[in-house]
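> In the working numbering, the protein residues as written are 611 to 791.
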Amino acid sequence: MMKFNILLYIFTLLGFALVFAAPIDSPSHALVSLNITAPASTNLSLADLLYTNLAHVTLSSRYENWVTKSIIEKFTFEITMEKFLYYRQRGMPRSLNWKSEGCTGVPDKPMKYDFQNSCYRHDFAYRNFKNLGIWDKKLKKRIDKNFKNDMLSQCDKEKVLRRVFCVFWAKIYYRGVRVFS
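The structure is reproduced here in structure tokens:
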């Protein structure tokens, strides 16, 4: 089973490399490289070479950035808040920045409306996209809009009259991040 998993992993990486690879005459731009340190006379399969550490797959920084960006986008825009909080609590994946001060400069729970988790995801997106160096106004607006939607989802849990005031506070917080961050 271990051999099968390794082979599946290799074929997945090589598949990505073929899809996104640079021209063959440009090895410095390749997304995936395979280094084999075994003697030429070794009669082992690629899976065996990888399993015994005689072969190594190296991902280029370009490929790693592409994968990291995909993960950050998924955590910011696609998964539920509950799933986001599950991964945040465990700090997984560890390569991402999970630090947050909550709702910086304003209360996490204005009038007992709990926007703290929305602020956690907002901080996560800001920090990790900036770390990748792909920050721009369009991305900021998209992240801020997601922040507003997260807060409005929290407001949906309130009873009718409290929901009206919760939406009011969510819009104020949204305006704040649009103007001041």
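Ideal Cβ placement from N, Cα and C applies to all residues, glycine included.
Just so it is clear, the structure is predicted and the values come from calculations on it, not from any experiment.
Report, in whole angstroms, the separation of the C-beta atoms of Tyr-784 and Phe-757, which I expect to be a contact under 8 Å.
7 Å
> So is Ile-753 buried or exposed if we call it buried at 16+ other beta carbons inside 10 Å?
buried
> Which same chain residues, not among the five before or five after Leu-749, have their C-beta less than 7 Å away from its C-beta?
Contacts found: Phe-739.
> Measuring CB atoms only, is the stretch 765-779 touching the stretch 720-734, in the sense that at least three cross pairs come out at less than 8 Å?
yes
> Let me know the secondary structure DSSP gives Pro-633 once reduced to three states.
In this prediction, Pro-633 has a pLDDT of 45, which is less than 50 and means its spatial position is unreliable; what the coordinates show is noted afterwards. Here Pro-633 sits in coil by DSSP.
> Quick check: the Cα distance between Glu-768 and Asp-718, rounded to an integer number of angstroms?
16 Å
> Below 8 Å on the Cβ atoms is my guess for Thr-686 versus Ala-735; work out the distance and round it to an integer in Å.
A Cβ-Cβ distance of about 4 Å is found for the pair Thr-686 and Ala-735, placing them in contact under the 8 Å criterion.
> May I ask which residues mark the beginning and end of the alpha helix (DSSP H) holding Arg-700?
For Arg-700, the enclosing alpha helix (DSSP H) begins and ends at 691-700.
> By a C-beta neighbour count over all protein chains shown, 10 Å radius and 16 as the cutoff for buried, is Val-787 buried or exposed?
buried
> Can you name, in chain order, every residue of its own chain whose Cβ lies under 6 Å from the Cβ of Asp-733, other than the five neighbours on each side?
Ser-710.
> By Cβ distance, which residues of its chain are closer than 6 Å to Cys-729, with the 5 residues on each side in sequence left out?
Within its own chain, the residues whose Cβ lies closer than 6 Å to the Cβ of Cys-729, once the five positions on either side in sequence are excluded, are Gly-712, Cys-713, listed in chain order.
> So what does DSSP say about Gly-743, is it helix, strand or coil?
coil
> Just reading off the alpha helix (DSSP H) that Leu-771 is part of, what are its end residues?
770-790 is the extent of the alpha helix (DSSP H) around Leu-771.
> Measure how close the beta-carbons of Asn-707 and Asn-675 come, nearest whole angstrom, since I'm counting them as under 8 Å.
With a Cβ gap of about 15 Å, Asn-707 and Asn-675 do not count as contacting.
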